[in-house]
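Some notes on the structure that comes next.
Number of protein chains: 2
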Amino acid sequence: MKTKLILLAVASVAASQLCMAQTNQPMMKDFKPSSLNQPGQQYPQVNSQRYARFHIVAPQAQSVRVSLGLGGRGGTALTKAEDGSWTGTTEGPMDEGFHYYHLSVDGGTFNDPGTLNFYGSTRWESGIEIPAHDQDFYALKDVPHGQVQMVLFPSKFTNTIPVRTAFVYTPPDYDKDPAKRYPVLYLQHGWGENEYAWWNQGHANLIMDNLIAENKARPFIIVMTYGMTNEGMRPGGRRPGGLGGAATTNAVAANAASNAPARGSGGFPNFNVAGFETVLVDELIPYIDANFRTLADQPHRGMAGLSMGGMETHSITLKHLDTFSHIGLLSGGVISPADVTNTPSFKEKVKVVFCSCGSRENPGNINANHEALDQIGIKNTAYVSPDTAHEFQTWRRSLHEMAPLLFQD
Amino acid sequence: MKTKLILLAVASVAASQLCMAQTNQPMMKDFKPSSLNQPGQQYPQVNSQRYARFHIVAPQAQSVRVSLGLGGRGGTALTKAEDGSWTGTTEGPMDEGFHYYHLSVDGGTFNDPGTLNFYGSTRWESGIEIPAHDQDFYALKDVPHGQVQMVLFPSKFTNTIPVRTAFVYTPPDYDKDPAKRYPVLYLQHGWGENEYAWWNQGHANLIMDNLIAENKARPFIIVMTYGMTNEGMRPGGRRPGGLGGAATTNAVAANAASNAPARGSGGFPNFNVAGFETVLVDELIPYIDANFRTLADQPHRGMAGLSMGGMETHSITLKHLDTFSHIGLLSGGVISPADVTNTPSFKEKVKVVFCSCGSRENPGNINANHEALDQIGIKNTAYVSPDTAHEFQTWRRSLHEMAPLLFQD
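Protein chains in written order, with this note's numbering: chain A, 8 to 416; chain B, 8 to 416.
Printed below as a string of structure tokens:
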């Protein structure tokens, strides 16, 4: 018996080492183009073990690096072949889901010409998609699809342009019954991102289409606009009406904090939310209620945001509980017991509190706060995304968990 | 008197030489960031004399070139400074309007990290905007704005995905009166572009907003979808729902012709339009008529396209005159007298024929055909964009000229 146990233990260690070896030696045979590649581009590639492989043509270059690497720490140096191309594979598996990245070519920063660009870190960067085990919930399926509309709404906040850009998701049945009205969720991106993030990187529209098709969420409108509005006009601003159109107002917030993982409810200490509050509450909400068939009252209006957008949500909703009844903070801090105490009528006015983050962020804080709110009688939900960090797979999953809770009156 | 004339002549020659010198030596003082730059980026820059200046950081690079140059012929080599940056100015003035371009860095092709990307030549490329003397007609103004919506419409043509992407412009008053119905223009991009081109590069929405505000065009719906559908799925396809979302079907058309200037009505001899015809006539039009408040009949439905999109318009409208009554070919050939003769009931069914091109293309062909159509009693409009080539300024102006003619019943 003892011998058997020892043998089992040895076998277990051997199996463990085998797994380690497999992890360090990605299978070469199942690399395939990332789903975010530009048309016809074979690279970058990803495989079933979550490794990423890059291939860049730059015959006279001295050095080519990719900003992605093992667990996101450091980058991956590519190696030059005789034909002048550079190839390299991440040292280890990547987290599932979407990652921003860029190239360093001879000391210059460029995007990978093989893949599409996504607005993050106040610029359009390269993106790669590591296939996730749960990608079905944001897959494009043969179900009724809602629409994502670009609207230009009048804004006096930015003096130099007359309008700002928002994207509005309307659920699949929106055009069927002209008498039907819908709740609205205002959904904000993170620092350095813009109003494209939630549908372009986040697939918010497909997440909702799939939930609605499965009758798991009430159909509601989602409004996504640019939230870094405290900085005035940037140099070289461009008009709305184009990709990155909201770049008219995309100046780098000089006093905005960095895109670091959320640090509890005080993650962005220097971010001044007042500008965005004005745009959202005084300009955008009246425009949406005037131009879409909304249920234009507090019980049917919510706000959620990721990272810096969570900070904005925290600040704006607590100041405007006559406007919002649903609050979602995704990797953007928590609604704390002190927040409840300090906010008159919180318990009566707030219907949903949802806080989430990735397991590689600060799940302990999220979970502890969940219990603390429970103890003072505030019904709330905490969600921790498994094996993800401060990235979009956390936020896709968070929306998927949060949406079924919203507007269930 | 004779002396005076001679002096005048000398002065004239001197002035002429002075102008030449000015042309070759762009004023340095009024360079400013291109309107298409990414947020906060100072380069590329443009000046009032239509020169473009580029600035790239790549300290260890051996060679940096920009694909744009004098009159579009050849590129511009950048020169390295001691700080590791590379700078260069075009040898001459550029044509007004939008231009695609890319960098060559040590033999590799990259986008300029300073500017936004635009889908052309089957990839997202860098874009620069040379301010045009007539840019007011596509400027963002304080007028009522229509919306650009992304719709996912069911398509059986592409077996591997259930839906395709289209963008739909609805005019400013679309949501005001739920009983009002609108004509529809199906508006196609050129080879290597996609369904983003007309609103992103072309500002079709702003052109219409401004025309409608001035009461110069009847409000109508514009539908823009991906027209290179004869090629099946590309490797590494991605789902709709993201930028370049229609890239699901963006495979490079292996048998599509090059993006050369239009060559009369036979510009794309190898392009097989049948696939797109199926998508447009059998799938997209029924979807639009079912989901938007259209005037769903032949007198209120038109089709226009630029370059390859003009070829598609030519082929599809002449085969489907029970579906379309308005035809616009922008740098995409002409409706010839032979076309009229060979198409039963052309004269009775077609209400508008509009053909255009840039003055640097083949204006003689456009103008001669205009007269030939007049002579056989086919009312038609020809438009030649001054001092532009096979580029978007030609097509912006063409839409601006064509839109007031449409649906004037």
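Beta carbons: idealized from backbone N, C-alpha and C, even for Gly.
Values in this document were obtained by computation on a predicted structure and should not be read as measured data.
- With its beta carbon less than 8 Å from one in chain B, SER70 of chain A belongs to the interface.
- Just measuring C-alpha positions, the residue of B:THR350, B:LYS358, B:LEU337 sitting nearest PRO370 of chain B is B:LEU337.
- Following the DSSP letters along the chain, one finds SER405 of chain B inside the alpha helix (DSSP H) bounded by residues 399 to 409.
- By the Cβ-count criterion, PRO120 of chain A is buried, with 16 or more other Cβ atoms from all chains shown falling within 10 Å of its own Cβ.
- Annotated three-state conformation of ALA389 of chain B is strand, per DSSP.
- When Cβ-Cβ separations below 8 Å define contact, ARG130 of chain B makes contact with chain A.
- Between GLN415 of chain B and PHE105 of chain B, the CB-CB gap reaches or exceeds 8 Å.
- With at least 16 other beta carbons inside 10 angstroms of its own, GLN154 of chain A counts as buried.
- For the pair of segments examined, the segment 142 to 159 of chain B was found not to touch the segment 114 to 134 of chain B: the number of CB pairs separated by less than 8 Å stays below three.
- In the displayed model, ILE342 of chain A falls within coil according to three-state DSSP, outside both helix and strand.
- What ASP149 of chain B touches in chain A, judged by beta-carbon distance under 8 Å, is PRO161, PRO169, VAL170, going in chain order.
- Look at the beta carbons and you see the segment 381 to 389 of chain A not touching the segment 85 to 94 of chain A: under three pairs across the two are nearer than 8 Å.
- Looking at B:PRO344, B:GLU200, B:ALA379, B:SER332, the one whose alpha-carbon comes closest to that of ASP304 of chain B is B:SER332.
- Contact with chain A is absent for MET315 of chain B, since none of that chain's Cβ atoms lies less than 8 Å from the residue's Cβ.
- The alpha carbon of GLY99 of chain B has as its nearest neighbour, out of B:SER111, B:PHE117, B:ALA59, the alpha carbon of B:ALA59.
- At a Cβ-Cβ threshold of 8 Å, THR330 of chain A and ARG300 of chain A do not count as neighbours.
- For a Cβ distance threshold of 8 Å, residue set PRO185 of chain A lies close to PRO185 of chain B, ordered along the chain.
- Just so you know, the alpha carbons of GLU284 of chain B and SER343 of chain B end up roughly 21 Å apart.
- By the neighbour-count definition (other C-beta atoms within 10 Å, threshold 16), GLN382 of chain B is an exposed residue.
- For the C-beta of GLY104 of chain B, not a single chain A residue is nearer than 9 Å; the gap to the nearest is close to 14 Å.
- In the three-state DSSP reduction, PRO161 of chain B falls in the strand class (E or B).
- Rounded to whole angstroms, the Cβ separation of TRP198 of chain A and MET101 of chain A is 22 Å, and the two are not in contact under 8 Å.
- The Cβ-Cβ distance between VAL360 of chain A and LEU380 of chain A falls below 8 Å.
- Judged by DSSP in its simplified three-state form, SER322 of chain A adopts helix.
- Listed in chain order, the positions of the segment 286 to 303 of chain B with a beta carbon within less than 7 Å of a beta carbon of chain A are ASN298.
- A buried status is given to GLY76 of chain A, since no fewer than 16 other beta-carbon atoms sit within 10 Å of its beta-carbon.
- Boundaries of the beta strand (DSSP E) harbouring HIS106 of chain B: 104 to 108, taken from the DSSP string.
- Residue state for TYR189 of chain B is assigned as strand, using DSSP reduced to three classes.
- In this structure, the straight-line span from the alpha carbon of GLY339 of chain A to that of MET318 of chain A is close to 6 Å.
- Non-local beta-carbon contacts of TYR203 of chain A in its own chain, meaning distances under 6 Å to residues more than five positions away in sequence, involve TYR126 in chain order.
- Here the alpha carbon of ALA146 of chain B sits roughly 26 Å from the alpha carbon of ARG130 of chain B.
- Contacts with chain A at 8 Å (Cβ-Cβ) include PHE117 of chain B.
- When the beta-carbon positions are compared, GLY134 of chain B and LEU406 of chain B stay at least 8 Å from each other.
- By the 16-neighbour rule on beta-carbons within 10 angstroms, LYS358 of chain A is buried.
- Flagged as an interface residue toward chain A: ASN124 of chain B, by a C-beta distance shorter than 8 Å.
- Residue environment for GLU408 of chain B: buried (at least 16 other C-beta atoms within 10 angstroms of its C-beta).
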